[in-house]
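Novice: Starting off with a structure, shown below.
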Amino acid sequence: MNRSRYEELLDRLLEGDMTEPESVELAALLKQQPELIDDLRRHLVLWEHWSQHCFPERSADAFAESWKTRLAAEQEGDQFATTLRARLGSERRRRVLVWAAVAACLILLLTVSLLRIRPEPVRYQPARMITVSGDGVCVACILHEGRDHKAAIRVHEDGQTHIYYVSPKSLTDPVQNRLCQAPTPVIARGEVRQQGGRLALAAQSFELAK
Amino acid sequence: MPSPVRSPFDSLVREHQAGLRAFIRSLGGEASWVDDLAQEAFLIAYRRLDDLEDEADFGKWVRGIARHLLANERRKEARRARLLPFAIADSLLDQPSTPELDSERVLSALQHCVASLPPESRDLLTRRYAGGVRASDLAKELRANASAVRQNLLRLRLTVKHCVERRLAGVSS
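Structure below.
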């Protein structure tokens, strides 16, 4: 097999549209000509570096920070489980807790039924209608927050960055794919409110900016 | 309180992240999925660091961890069916341990080599990677022939790689 075929296959791999038979063909070629393995590895590493350079969300710093956040979240989870186990470790204490909880529930039920108190509705901060324009991004692909592919809008204003988490998830696949690939200018209109310390935008419209 | 992240491991992440992400990319997945899986591999490596016998083998070791994760991914998720067979990744994995390329030097050489290209070539390479836009979509944006854009990109990749390697060799000698 000649060099030009190797380069064709390399192009297919780097462009992300290599087929299974082509990958088998390339693997066979690498087996025949092991010196090409290093060439392939260098191409992959080189263009990975260039991708990170061109796309700051994929930079080494962003990756390392994201990794540290995940590690800290894992460790906090472990810590929580350890603490919980320690608390519930003593059978006697556990029984006391259960009985205390049962008693508390009974007292609460009794009080509510006697006083006919209706629980007050949960109060949310009132929503307000706004128009937001900024970079549309995928929460999973670009912000690296969880695995759900949802939309968010990143707005830079007065030297600060605000993230509006868009709901409901009603974007068409092509639009969501765009947001997964790169920050894309968008304009949205809807009700915004603070929820759990985050800005939630119940979007009534969501469009790619012209 | 959670124990703080050990700084030497943090350095290992920075040193090996590009090599690991490039390795996972040989399976043909999307960038976001590649990054997610690479982070998971580093998390497992962090927990099992005591199992690593020789720190010089860290890169190969963490790629082995990723290989196991990839096998699990393929088993459990139908949407990963798009992943390519492992033959190419295994060829890369079977290579003897080689030191990771110094990221800063590679990037500096890359920037120099790309900067020396004609403006339209520079622009093409940047647009291709800045937004992760595929050659076929780039061709539409540029109102150009798709296969010509691909040919151009391939030629640029070969030219830039050659330039980077010459430059790295020159710096080290």
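If you read the sequences in order, they're chains A and B.
Quick note on the numbering used here: the first sequence kicks off at 19 and runs consecutively.
Quick note on the numbering used here: the second sequence kicks off at -14 and runs consecutively.
For every residue, glycine included, the Cβ atom is placed at its ideal position computed from N, Cα and C.
Does residue 61(A) pass the burial test, meaning 16 or more other C-beta atoms within 10 Å, or should it be called exposed?
Specialist: That one is buried.
Novice: Taking its Cβ as the centre, do 16 or more other Cβ atoms sit within 10 Å of residue 41(A), making it buried, or is it exposed?
Specialist: Its Cβ being crowded by 16 or more others within 10 Å, residue 41(A) is buried.
Novice: Select from the region 17 to 50 of chain B all residues with a C-beta closer than 7 Å to any C-beta belonging to chain A, and list them in chain order.
Specialist: Answer in chain order: 17, 20, 24, 27, 28 and 31.
Novice: Can a CB atom of chain B be found closer than 8 Å to the CB of residue 51(A)?
Specialist: Closer than 8 Å: no.
Novice: Ends of the beta strand (DSSP E) at residue 107(B)?
Specialist: That residue, residue 107(B), is in no beta strand (DSSP E); its alpha helix (DSSP H) goes 104 to 115.
Novice: Identify the contact partners of residue 108(B) in chain A, using a Cβ-Cβ distance below 8 Å as the criterion.
Specialist: Going along chain A, no residue has its Cβ under 8 Å from residue 108(B), so there is no contact; the nearest lies around 11 Å.
Novice: Is DSSP giving residue 129(A) helix, strand or coil here?
Specialist: Residue 129(A) falls in the helix class under three-state DSSP.
Novice: State yes or no: is the C-beta of residue 164(A) within less than 8 Å of the C-beta of residue 197(A)?
Specialist: No, Cβ-Cβ distance for residue 164(A) and residue 197(A) is not below 8 Å.
Novice: Taking the alpha carbon of residue 162(A) as the reference point, which residue from 74(A), 116(A) and 33(A) has its own alpha carbon closest?
Specialist: It is 74(A).
Novice: Between which two residues does the alpha helix (DSSP H) harbouring residue 27(B) extend?
Specialist: Residue 27(B) -> alpha helix (DSSP H) spans 16 to 32.
Novice: Mind pulling the chain B residues with CB within less than 7 Å of residue 41(A)?
Specialist: Within chain B, the residues near residue 41(A) are 69, 70, 72 and 73.
Novice: Within 10 angstroms of the Cβ of residue 138(A), are there 16 or more other Cβ atoms? Answer buried if so, exposed if not.
Specialist: Any reading at residue 138(A) must be qualified, since the residue scores a pLDDT of 48, below 50, and its modelled position is unreliable; no value is offered.
Novice: Counting only beta-carbon atoms, is residue 111(B) nearer than 8 Å to chain A?
Specialist: Cβ-Cβ to chain A under 8 Å: yes for residue 111(B).
Novice: From the DSSP output, read off the bridge partner residues of residue 203(A).
Specialist: The partner list for residue 203(A) (beta bridge, DSSP) reads 153(A).
Novice: Say whether chain A places a C-beta atom closer than 8 Å to the C-beta of residue -5(B).
Specialist: Chain A contact via Cβ: present.
Novice: My assumption, with CB atoms under 8 Å, is that residue 139(B) sits in contact with residue 113(B). Please give the rounded CB distance.
Specialist: About 11 Å separates the two Cβ atoms, so there is no contact after all.
Novice: Name, in chain order, the residues that DSSP records as bridge partners for residue 36(A).
Specialist: According to DSSP, residue 36(A) bridges with nothing at all.
Novice: Assign residue 141(A) to buried or exposed, taking buried as 16 or more other Cβ atoms, counted over all protein chains shown, within 10 Å of its Cβ.
Specialist: Below a pLDDT of 50, predicted positions are generally treated as unreliable, and residue 141(A), at 47, falls in that range; no measurement from the model is reported.
Novice: Listing by chain order, which chain A residues have their CB less than 8 Å from the CB of residue 101(B)?
Specialist: Neighbours of residue 101(B) on chain A: none; closest Cβ ~15 Å, over 8 Å.
Novice: Where residue 25(A) and residue 1(B) are concerned, what is the direct C-alpha to C-alpha distance, given to the nearest angstrom?
Specialist: Straight-line Cα distance between these residues: approximately 26 Å.
Novice: By how many angstroms is the C-alpha of residue 93(A) removed from the C-alpha of residue 124(A)?
Specialist: Looking at the two C-alpha atoms, the distance is approximately 37 Å.
Novice: Counting only beta-carbon atoms, is residue 134(B) nearer than 8 Å to chain A?
Specialist: Not closer than 8 Å to any Cβ of chain A, the Cβ of residue 134(B) fails to qualify, so no.
Novice: Just the Cα atoms here: how many angstroms apart are residue 173(A) and residue 124(B)?
Specialist: Roughly 30 Å between the two C-alpha positions.
Novice: Counting only Cβ pairs nearer than 9 Å, list the residues of chain A close to residue 155(B).
Specialist: Chain A residues near residue 155(B): none, gap ~16 Å exceeds 9 Å.
Novice: Tell me whether residue 81(A) sits in a helix, a strand or coil according to DSSP, three-state version.
Specialist: Of the three classes helix, strand and coil, the one that applies to residue 81(A) here is helix, per DSSP.
Novice: Per DSSP, which one or two residues make a beta bridge with residue 171(A)?
Specialist: The partner list for residue 171(A) (beta bridge, DSSP) reads 154(A) and 182(A).
Novice: Quick one: what's got a C-beta closer than 7 Å to residue 111(B)'s C-beta in the same chain, skipping five residues either side?
Specialist: There are no such residues.
Novice: Expressed to the nearest angstrom, what Euclidean distance is found between the alpha-carbon atoms of residue 214(A) and residue 157(A)?
Specialist: C-alpha separation (whole angstroms): 16 Å.
Novice: Against chain B, does residue 65(A) count as a neighbour if the rule is that its beta carbon must be under 8 Å from one of theirs?
Specialist: Chain B, which has a Cβ nearer than 8 Å to the Cβ of residue 65(A), makes this yes.
Novice: Using a Cβ-Cβ cut-off of 8 Å, state whether residue 176(A) counts as contacting chain B.
Specialist: No, its Cβ sits nowhere closer than 8 Å to a Cβ of chain B.
Novice: Using C-beta distances below 7 Å, list every residue in its chain close to residue 209(A), excluding the 5 sequence neighbours before and after it, in chain order.
Specialist: Excluding positions up to five away in sequence, the list reads 145, 146, 147 and 220.
Novice: Which of the three DSSP states, helix, strand or coil, is assigned to residue 114(A)?
Specialist: In the structure shown, residue 114(A) sits in a helix (DSSP, three-state: H, G or I).
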